[in-house]
Amino acid sequence: MWFPRHHSKRIGSIEEKGHSAYVLYKFVLIKPFDRISYILIFVNPFTVSFPDFFCLFLFFRYLYKNEIHALDKQTFKGLRSLEQLYIHFNQIETLQPETFGDLVKLERLFLHHNKLSKIPPGSFSHLDSLKRLRLDSNALVCDCDLMWLGELMRGYARNGQTQAAATCQYPRRLQGRSIASVTVEEFNCESPRITFEPQDVEVTSGDTVYFTCRAEGNPKPKIIWIHNNHSLDLEDDSRLNLFDDGTLMIRNTRESDQGAYQCMARNSAGEVKTQNAMLRYSSPPAKPSFIIQPQDTEVLIGTSTTLECTATGQPHPHITWTRGSGEALDGSRHLVTSGGLYLQNVTLRDHGRFTCHAENNQGSVQATANIIVQAPPQFTIIPKDQMVLEGHSVEFLCEAEGNPPPIIAWTKAGAQLLQEGPHTVLSSGTLRIDHAAHHDEGQYECQAVSPLGVKKASVQLTVKPKALPVFTQLPQDTSVQVGKNINISCHAQGEPQPMITWNKAGVQITESGKFHVSGEGVLTIYDAGQADQGRYECVARNAFGLVVANMFLTVVAIQGRQAGDDFVESSILDAVQRVDSAINSTRRHLFSQKPHTPGDLLALFRYPHDPFTVKTARAGEIFEHTLLLIQEHVKQGLTVDTEGREFRYNDLVSPHALSRIANVSGCTAHRQVPDCSDLCFHRKYRAADGTCNNLRHPAWGASLTAFERILKPAYENGFNLPRGAGARPLPPARLVSTELAATATVTPDGRYTHMLMQWGQFLDHDLAHTVPALSTARFSDGRPCGAACTDDPPCFPIALPDGDPRRAQAPCMFFARSSPVCGSGLTSLLASSVYAREQMNQLTAYIDASSVYGSSEREARALRDRAAPLGLLRAGRAWARSGKPLLPLAAGPPTECGRPPGARRGPCFLAGDHRANEQVALTAVHTLWFREHNRVATALSALNPHWDGDTLYHEARKIVGAELQHITYSHWLPKILGEPGMKMLGGYRGYDPNVNAGILNSFATAAFRFGHTLISPVLHRLNDTFGEIPQGHLPLHKAFFAPSRIIEEGGIDPLLRGLFGAAAKLRVPSQLLSLELTEKLFSTARSVALDLAATNIQRGRDHGLPPYADFRVFCNLSSVQSFEDLQNEIKDVGIRQKLKNRKMTPGEASL
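Numbered according to the numbering used here, the sequence shown spans residues -6 to 1144.
#1: Please give the ranges of any alpha helix (DSSP H) in the region 855 to 922, keeping only runs that are unbroken, at least 4 residues long and fully inside the region.
#2: Could you tell me the distance, in whole angstroms, from the CA atom of Asn234 to the CA atom of Pro277?
#3: Flag this pair as touching only if the region 110 to 121 and the region 87 to 97 have three or more C-beta atom pairs under 8 Å; answer yes or no.
#4: Using 8 Å for Cβ pairs, my map puts Gly775 next to Ser574. What's the rounded Cβ distance?
#5: Judging by CA-CA distance, which residue of Glu625, His626, Gly613 is the nearest neighbour of Ala655?
#6: Determine the contact status of Pro191 and Thr205, defining contact as a CB-CB distance below 8 Å.
#7: Below 8 Å CB to CB, which residues in the same chain sit around Thr404 once its five sequence neighbours on both sides are set aside?
#8: Please list, in chain order, all residues of the same chain as Arg638 whose beta carbon is under 6 Å from its beta carbon, the five residues on each side excluded.
#9: Quick check: the Cα distance between Ala1087 and Ile791, rounded to an integer number of angstroms?
#10: Going by CA-CA distance only, name the one from Leu688, Asp742, Thr998, Phe605 that's closest to Leu1158.
#11: In three-state terms, what does DSSP make of Arg28?
#12: In this structure, does DSSP put Lys215 in helix, strand or coil?
#13: Report yes if the CB atom of Ala265 is closer than 8 Å to the CB atom of Pro185, and no otherwise.
#14: Does the distance from the C-beta atom of Phe103 to that of His81 stay below 8 Å?
#15: On the criterion of 16 or more Cβ atoms from any shown chain inside 10 Å, does Asp1125 qualify as buried, or is it exposed?
#16: Between which two residues does the alpha helix (DSSP H) harbouring Gly1054 extend?
#17: What does a CB cutoff of less than 6 Å around Pro878 pick up in its chain, not counting 5 residues either side in sequence?
#18: Run through the DSSP bridge pairs and tell me what Cys483 is partnered with.
#19: How should Tyr519 be labelled, buried or exposed, when 16 other C-beta atoms within 10 angstroms of its C-beta is the threshold for buried?
#20: Specify the secondary structure class of Thr1071 as computed by DSSP and reduced to three states.
#21: Can you give me the start and stop residues for the alpha helix (DSSP H) that Asp742 sits inside?
#22: Going by alpha carbons, who is nearest to Gly252 out of Ala883, Asp238, Asp785, His220?
#23: Between Ile364 and Leu336, is the Cβ-Cβ spacing less than 8 Å?
#24: For Lys976, count neighbouring C-beta atoms within 10 Å of its own C-beta (all shown protein chains included) and say buried if the count is 16 or more, exposed if not.
#25: What did DSSP end up calling Thr684 once you bin it into helix, strand or coil?
#26: Going by the DSSP bridge assignment, what does Leu300 pair with across the sheet?
#27: Look up Leu167 in the DSSP assignment and say whether it is helix, strand or coil.
#28: Let me confirm a value: Glu1072 is counted as buried when at least 16 other C-beta atoms fall within 10 Å, else exposed. Which label applies?
#29: Within the same chain, show all residues whose beta-carbon is closer than 8 Å to that of Gln835, passing over the 5 residues directly before and after it, in chain order.
#30: So what's Val627 in DSSP terms, helix, strand or just coil?
#31: Measure how close the beta-carbons of Val515 and Asn480 come, nearest whole angstrom, since I'm counting them as under 8 Å.
#32: Tell me, please, which residues DSSP counts as bridged to Glu392.
#33: Could you have a look at His1026 and say whether DSSP puts it in helix, strand or coil?
#34: Considering only the alpha carbon of each residue, which of Asn353, His327, Ala360 lies closest to Gln288?
#35: Cα separation between Gly983 and Gln958?
#36: Within its chain, find whatever has a CB closer than 7 Å to the CB of Ile623; leave out the 5 residues flanking it on each side and keep chain order.
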């Protein structure tokens, strides 16, 4: 329905006996609506109100000459568009202050020729649009109560915006005068003044008492009595009586009457209070009770306030104050007075509870009140100008604090942004603009709004047009001699300027001692060898796309002998002797005595048991150490140009010599050649070692093969030296751990249980286990790594920085490098070139329950129960309460696990993964799945009595592996990756033999170790009613290598209940790894415990993992120059500041 702004006309009224008058108005609509509309307006001659449908588009209202006697306060509610209101020539005698409250656009108000004698203060003060006000020809009494109107009209006259008319009718001396002309003295106002104050009295029960109060003023002031800061309600208590002269009488006094009484005199000119008069009530000895209790108080920051507190009792109680949070009072600003607590210059620290304590020898009472500190908005994060590429998203961070908390609003060019389209204001206050276009360019303003004020910050957004990369110089095919360096140029342009990266064989090249990519895109290859020959890709990439150019590098071998060939035989013999001596010394130390240090304990339980694994790792160590010894010999003779670089192997020895080293070290003898001839088996079941899973590529994903890489390794020398171990040191791993990772605080996860962590560890132990160093002593002289504290192979100890409490015990923490792989798995080229160091995965790369069955035929046979052809796994002794078996006990080394202090060491459990004894909750999960295999095999045997033991075993193994896969992909991964991550992963699209399922080195060594942040410092052990078992919960450092706690302290059920009955540790950026992992890992008396966070960082450097910034480039994320560029990824300002304080750059930050 539309209502016209103009052309309204009263066309008559309808009188009906016994009913109100109905006035009919005619409204002529303005173009383009060329028609006439009629509206009936129902007018009661005594009270007027309008239907709700007039609230939208009503601009004029004519109500004059309608015999209206009164206006209800809701009469004009909702008429926000009303501009003119005519109510003159009626019988209105009174107004209410709220009558015109909604008329924010009112320009004309005619009330003349009515019977108004009084007008409530403030009736018109909010009508900011008012231009004309008529109050003349009324019965206005110009006394003190109307002085406010005179001031309002004089204000109208001064600003010239509003014309107003109002004349006095009474008193006679002012009759006919404009109210605006009446002076303050003529209004004859006089503020109240006290002429007689009440006095203190003492009473006993049942007395009558009089408090006398006299006051003068004009108009005559009204007397109001206040008891203990509350107005007395004389109607509610018949014992109270107020005389005409202001005297208060209290009859039949009682204890509740005691306290402070005040007389307040009030008239229209003001009010005044007397001093407190105390009514003291005499009674026998009594514990304290409050007369005045402190009240919740709102106070503006920087001002002062008082919390009142008064108490009575016999004897009179002593008053003290405390903070509700337990904090001490600030003696310089918090002053205790006789009437309460005075808080001076209030700060946000004062926000909270304060408690008043009243105490005497009869007892004590307390009362609490809240100080609610109100603080205007202040920015904590101020947005910055940004430049964004067209089609990209951009975020302006804006955060503010205050009390009450401010609301963040964004405007552009003065107009508030709508929460739709590309603009989104996040809950944090951040403005996000998706798919920025040219019209989004301009100035934006962040406003922090609260009732206490508005804070504003302006930023400029610049949107740059996009342009795909275009090559300006293409790389050309070229050749290089073995041992020489070569530069290959590649340049491109685009908007934004494209970044140049290089790939070889599908793997991105990263900065290392082997490769360097300049900012202009030039690829430098140092010490070229046959391994460097092949096709290279130059990739120019910006935010809008990429282009690729190929070139082929030919490496030309130099015929004849090299400088190092003369030292090959002696170096091989020396390397064999050194490596074997160190390995044998380590084995004697670990397996013939009780472990002395946490490093011994870790090495003992991770030492490879499979003979083939040991031989393969030994061959890799001998191969690499031989080259190191040859290099040392050549350097001493200065017979080769090293150009200041530590390693130049490709022109060190000839291809023939390299082949000789490979043969003698054992590398060539240990090449795996998978046998996939039994297709009936391999098409139906998995091999224990993972071979022949992919019949096109039988070794992909198999155990004892090298980890895969998506980026080339970043060794310091390009071959094997750990990242940061050369001339460019990185921040100490231990220092990074203590400052950024370790936490004594743990926040429980409100959504997930501790099983989230435990499944992750169990899954990890099914996928990856790097072959560790076979020796924990230096090859050079046999000194233990934890004692020598030098980077001497295979040792790579973790230095303890100055100020670390552990330096009192030792200068370093034990760490030995992972074993290398001969030829990195590329055995066909091994004899003619040197490859960068790679590490070996002992496990299969598939989720195939290898943690239950083992990753080799030898391990699988050791775990099977051959006593009966039922396809079962070996079982240990039955747990008495349930009758269900535990894991079998291990017979080979290590044969002893820890026990509680004071007891002798006990046996370890045997499972498919040697780390099953690492902590008891992991052991419990291993036990659960070994039982599951036997349950499934038994059920299959009942269903298929004709199956032999091998068939039952493999069929049950297939089902258990499927169960693990289902739990992982359907239940665990969605909780880890979230909905966006699962969408990126997508559904299963069928088997693809061209996908290599091998585990990435960066995944096993860095990414998947995120699970360490989920580990709680306590393992809960719960009984069948989910209460704590008598032996109590278990601190994590007491759960390591302690299977006896399962045998002697309740079995696995309490641990399993604890895993799904207790909350997981919430991943909080400032609470990464519990101190149980950084300060007590595998701790023993008089030795340095290990630090898991420092170990993780050191392991990444050992494996030559490129820095985090290089992986951002690989993932097509923005490159970063400073940690402020990572404010979207590292939102905690304190963490970014800690990184900057370490004087690190993003290029030094580990993945």
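Here a beta-carbon is modelled for each residue, glycine too, at the ideal position from N, C-alpha and C. Please read these numbers as outputs of a predicted model, since none were measured by experiment.
Short version:
#1: none
#2: Position 241 of the sequence shown, counted from the start, is the residue given in the question as residue 234. Position 284 of the sequence shown, counted from the start, is the residue given in the question as residue 277. Answer to the nearest angstrom: the Cα atoms are 28 Å apart.
#3: yes
#4: The residue labelled residue 775 in the question sits at position 782 within the sequence shown. The residue labelled residue 574 in the question sits at position 581 within the sequence shown. Correct: roughly 6 Å between the Cβ atoms.
#5: Here residue 655 corresponds to residue number 662 of the sequence shown, with the count starting at 1. Residue Gly613 is the option with its Cα nearest to Ala655.
#6: What you label residue 191 is simply residue 198 of the sequence shown in a count that begins at 1. What you label residue 205 is simply residue 212 of the sequence shown in a count that begins at 1. Against a cut-off of 8 Å, the Cβ pair of Thr205 and Pro191 comes out as a contact.
#7: In the sequence shown, the residue the question calls residue 404 occupies position 411. Hits under 8 Å: Leu410, Tyr437, Glu438, Gln440.
#8: Within the sequence shown, the letter at position 645 stands for residue 638. With a pLDDT of only 46 at Arg638, under 50, the local geometry of the prediction cannot be trusted, and the value read off the model is given with reservation. Answer for Arg638: no residue qualifies.
#9: Position 1094 of the sequence shown, counted from the first residue, corresponds to residue 1087. Position 798 of the sequence shown, counted from the first residue, corresponds to residue 791. Those two C-alpha atoms are separated by around 8 Å.
#10: For the chain, the structure presents residues -6 to 1144; residue 1158 sits outside this window and is missing.
#11: Here residue 28 refers to the residue found at position 35 when the sequence shown is read from its first residue. Residue confidence for Arg28 is low, a pLDDT of 32 falling below 50, so the modelled location carries little weight and cannot support an answer.
#12: On the sequence shown, residue 215 is found 222 positions in, with the first residue counted as 1. Strand.
#13: Counting from 1 along the sequence shown, the entry for residue 265 is found at position 272. Counting from 1 along the sequence shown, the entry for residue 185 is found at position 192. Reading the sequence as shown, one finds Val at residue 265 and not Ala. Closer than 8 Å, so yes.
#14: Counting from one through the sequence shown, the residue named residue 103 turns up at place 110. Counting from one through the sequence shown, the residue named residue 81 turns up at place 88. Cβ distance < 8 Å, so Phe103 and His81 count as in contact.
#15: Your numbering for residue 1125 matches position 1132 in the sequence shown. So Asp1125 counts as exposed.
#16: The residue given as residue 1054 occupies position 1061 in the sequence shown. Segment 1046 to 1054, the alpha helix (DSSP H) holding Gly1054.
#17: By one-based count along the sequence shown, residue 878 stands at place 885. If we look at Pro878 and ignore the five residues flanking it on each side, its Cβ neighbours are Ala868, Gly869, Ala871.
#18: Your numbering for residue 483 matches position 490 in the sequence shown. Answer by DSSP bridge pairing: none, since Cys483 is not bridged.
#19: Stepping through the sequence shown from its first residue, residue 519 is reached at position 526. Answer is buried; the Cβ neighbour count reaches 16.
#20: Within the sequence shown, numbered from 1, the residue matching residue 1071 stands at position 1078. Correct three-state label for Thr1071: helix.
#21: Taking the sequence shown and counting its residues from 1, one reaches residue 742 at position 749. In the DSSP annotation of this structure, Asp742 is not part of any alpha helix (DSSP H); the continuous beta strand (DSSP E) holding it starts and ends at 741 to 746.
#22: Locating residue 252 in the sequence shown gives position 259, counting from the first residue. The option with the nearest alpha carbon to Gly252 is His220.
#23: Mapped onto the sequence shown, residue 364 falls at position 371. Mapped onto the sequence shown, residue 336 falls at position 343. The answer is yes: Cβ separation under 8 Å.
#24: Here residue 976 is taken as the residue at index 983 of the sequence shown, counted from 1. In this structure Lys976 is exposed. Its beta-carbon is surrounded by fewer than 16 other beta-carbon atoms within 10 angstroms.
#25: Sequence index remark: in the sequence shown, residue 684 carries index 691 (1-based). In this structure, Thr684 counts as coil in the three-state DSSP scheme.
#26: Your numbering for residue 300 matches position 307 in the sequence shown. The partner list for Leu300 (beta bridge, DSSP) reads Leu334.
#27: As a first step, residue 167 must be located in the sequence shown, where it is residue number 174. Three-state result, Leu167: helix.
#28: For the purposes of this step, residue 1072 is identified with residue 1079 of the sequence shown, where counting begins at 1. Its Cβ being crowded by 16 or more others within 10 Å, Glu1072 is buried.
#29: The count along the sequence shown starts at 1 and reaches residue 835 at position 842. Once the five neighbours on either side are set aside, the close Cβ partners of Gln835 are Pro601, Asp603, Thr606, Ser696, Leu697, His762, Thr763, Val764, Ser848.
#30: If you number the sequence shown from 1, residue 627 lands on position 634. Helix at Val627.
#31: Working through the sequence shown from its first residue, we reach residue 515 at position 522. Working through the sequence shown from its first residue, we reach residue 480 at position 487. 5 Å between Cβ atoms; contact.
#32: As a first step, residue 392 is located in the sequence shown; it is residue number 399 there, counting from the start. Ile374.
#33: Taking the first residue of the sequence shown as 1, we reach residue 1026 at position 1033. Looking at His1026 - three-state DSSP - the assignment turns out to be coil, as it is neither helix nor strand.
#34: In the sequence shown, counting from the first residue as 1, residue 288 sits at position 295. Comparing Cα positions, the closest option is Ala360.
#35: Sequence index remark: in the sequence shown, residue 983 carries index 990 (1-based). Sequence index remark: in the sequence shown, residue 958 carries index 965 (1-based). Going from the Cα of Gly983 to the Cα of Gln958 covers about 15 Å.
#36: Along the sequence shown, one-based indexing puts residue 623 at 630. Gly557, Phe560, Val561, Ser564, Leu645, Val646, listed in sequence order.
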